[in-house]
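What follows is one structure encoded as structure tokens, with my remarks underneath.
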């Protein structure tokens, strides 16, 4: 247990696990008085050159005074952090608060000197960069806004750490020393640097698991059968290109069916990159220790008996992760199905899948082993359902997802040259904010198709629970470019289309085939998906392969269509097309015009589906084909080098057994293509709104209000003041506890006025009669006051207010909320039943751009009411969009603003009026995605 130093308690929330540049992990924590021996041992392993760079003079050993100084901190003005692996220091960083004269100081001084020391064996791993992020976050928490560092000119590595961090810097040279000063406030560049480092580190950590040079399977039985033996056999039969070892403490022989066998990982000569652990849960800790001491880089834990088994297993799982990370290892699992990499330079099947899929361009991730099996099975199939038109690049089944998650695998796939399409089955999203950010970046480069279950976060995983409805999270994912589907069938349907067909340039669809009825079904399905189908072309049931080729060629050459759906039923007549001939005719026509997607809907034509998909079957290659099989010619064509087939990319056409499935996949491709086009120009926040924004004044007001307590809902006057700082005027509403007060308020505001009941059960419920509008004089006002009190009760219950009348228009509602997991979300809808009863509300992540604000207004189903529906006057949507931008800026500039509600916002033909507003403040929530890089805590 850590001991606190000097005057503040030990800040355990500063502890964090981080992924380093090479994919290994380290633990960052505060240095305490208990670390004296560790510090001395660490310093003894640092080279004389590194010591010279740190102290500007030869400094062979630390004195007792030095050790005391470097281990005794008050965690405010003097802070030290250490990066540890295996419990031992590999690097340290400290800051000391200083005043304007450079001498030690206390608050309110906001500057500190910072210095690093990294063990030579760990230099180049990105340790100093990670420590800088964390010491910077600590300093900001303690009121320090600026770091200063003095570095010898020859210490180019450390100078580069500071210069590359992305902070606003000032550099000077005096007395032979480089002095660097930099602000700690995150900038766009510093966040970009941090995200880039995060991507490289996390991607590399997954790469080490998927591209090992050597694998040890721990828990291999001496006889066939059993989990460990099955995985060993699968790795060998897949043709793994690296070194393979079998491990079981009961082994007496040195080989097992030709594979080197050992009693312990420690006994293996040479490095082991990956260990696949398949022993009972109670023996896993011993295996982890052996692997850590041998230098194993990562683990795939197949063993069950962890969080899925209850509280005891949950604690066992937490300890497993802590144990592995202490040695710098990452874990897939526990309770995992395994991993697959079909790259010909690797050929790894460290999973329970008996067959290795053929190499291809699809990356698969599944939290569930059962779903992983289903996905692989679907991609194996060559006929009967959706055909496997391409193979798999890599497959990861994360099991309990205790450590490596979908976010980590996305980081790997982002720049993986072997993966063109990503398919993910997610039972939960532990960090939606980060996932959305990674998804947006990935989707801009390659399609990301996700089916999300409604399950809870994995047990034992410390994640922030979102307060947003499942539908809202799904909507936010779609805005990030995620192709969100509902079933495993749709996941595969859509993924296979995107894997080998170009993206459509628009929603116009040509339909042709040899069945009028099937063509009409396809036409109707297109309308249901929001596509714009052209009239179907019926080639009749006697159509030959030549007829199909000619019709498809004409459709692809037609500038009025963006995609083609070919429908086919069993042929009738002597000249009708056979399956193999029809497949070749369609493929050859599609290859001539490669810019438009082509899909086939087939009914009772399993042979056609097989012929279309033959070139990329994901199943293992069959034995010598029979010449009598009608499609063996195409099979022989497909039997070329799998790598050449997958990378050369012949024009392959996906086939579907139902029009609805094909069109649904096409509809998703159309929406994704539209998102890609829009993502290229995301818009901006217009500078014109800055003129009416007083950011500093709002900050002072917020600080003063929060000084009252931890969180509060602002009163009416305070709300108006804060919103006014951002150019959002709110119509004043004056309390009217008596008829005389109502009359006085009306005289102040000027007639005509409105009289409203603001009791919770009547607020925003004009349908209940709690509002009286257009009261032209005092007589009407007093009469309305009497009616309200007679209908609903005493004024103390009604809480009546008087408000000046606003121009008539459409009542809308604008909300912003900070969700613990998803971050700041801006919502818009029409006030009343549309949003409350029907849920017709649109959402965007803050900050929003002008393009996103315009899209937000137009995203709700009732949007036509804003644009002159059925002859009504169009309202001022430009003013509405500006209001959305201002609310977005307020929440983005001030994380203390945790909730804003503007209701109603009456949008008139010219301008708008905010008639009701509420704001809630709280201390800034922890926004992990904007802080230093960390792994989920245990």
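Residue numbers (the working numbering): 3 to 940. We treat Cβ as the ideally placed atom computed from N, Cα and C, and that holds for glycine. Remember, it's a predicted structure, so these values are computed and weren't measured experimentally.
Pairing residue 903 with residue 709, the inter-Cα distance amounts to about 23 Å. Residue 656 is classed as buried because its beta carbon has at least 16 other beta carbons within 10 Å across all chains shown. Put simply, the backbone Cα of residue 13 is about 16 Å away from that of residue 85. Its Cα nearest to that of residue 28, the residue 324 stands out among 324, 265 and 230. One alpha carbon belongs to residue 521, the other to residue 605, and they sit about 12 Å apart. DSSP, reduced to helix, strand and coil, places residue 429 outside both helices and strands of the structure shown, so it counts as coil. In summary, residue 198 is exposed, with fewer than 16 beta-carbon neighbours lying within 10 Å of its beta-carbon over all protein chains present. Closest option to residue 703, judged by alpha-carbon separation, among 692, 694, 691 and 716: 716. Residue state for residue 728 is assigned as coil, using DSSP reduced to three classes. With 16 or more neighbouring CB atoms inside 10 Å of its own CB, residue 94 falls in the buried class.
Buried is the label assigned to residue 413, since at least 16 other Cβ atoms lie within 10 Å of its Cβ.
Excluding its 5 nearest sequence neighbours in each direction, residue 424 has C-beta neighbours in its own chain below 6 Å: 365, 415 and 450, listed in chain order.
The three-state reading of DSSP puts residue 481 in helix, counting H, G and I together. For residue 755, the uninterrupted beta strand (DSSP E) run begins and ends at 755-759, by DSSP.
Counting only unbroken stretches of 3 or more residues, the beta strand (DSSP E) elements lying wholly within the region 481-560 are 485-487 and 510-515, in sequence order.
Between residue 733 and residue 523, the CB-CB gap reaches or exceeds 9 Å. Annotated three-state conformation of residue 161 is helix, per DSSP. Pairing residue 149 with residue 170 gives a Cβ-Cβ distance that is not under 9 Å. Straight-line spacing of the CA atoms in residue 136 and residue 16 works out to 8 Å. Between residue 342 and residue 303, the CB-CB gap reaches or exceeds 9 Å. Under the criterion of beta carbons closer than 8 Å, residue 786 and residue 757 qualify as touching, at roughly 5 Å. Take the alpha-carbon of residue 729 and the one of residue 684: they are about 24 Å apart. Distance from residue 478 to residue 847 at the Cβ level is roughly 6 Å; contact confirmed, criterion being Cβ atoms closer than 8 Å.
By the CB criterion at 9 Å, residue 244 and residue 217 fall inside the cutoff. Under the three-state reduction of DSSP output, residue 71 falls in the helix class. Secondary structure at residue 106: strand, using DSSP grouped into helix, strand and coil. Straight-line spacing of the CA atoms in residue 154 and residue 53 works out to 12 Å. Excluding five sequence positions before and after residue 348, the CB atoms of its chain that fall closer than 7 Å to its own CB belong to 213 and 243, given in chain order. DSSP places residue 782 in the helix class (H, G or I) of the three-state scheme.
Closest option to residue 82, judged by alpha-carbon separation, among 147, 430 and 117: 117. The beta carbon of residue 80 lies closer than 6 Å to those of 98 in the same chain, with the five residues before and after it left out. Exclusion of the five residues before and after residue 672 leaves 506 and 509 as the residues of its chain whose Cβ lies within less than 6 Å of its Cβ. The region 425-433 and the region 441-455 touch, with three or more beta-carbon pairs separated by less than 8 Å. Classified as buried, residue 654 has 16 or more neighbouring CB atoms from the shown chains inside 10 Å of its CB.
Here DSSP, grouped into helix, strand and coil, assigns residue 857 to helix. By the criterion of at least three beta-carbon pairs nearer than 8 Å, the region 523-541 is in contact with the region 560-572.
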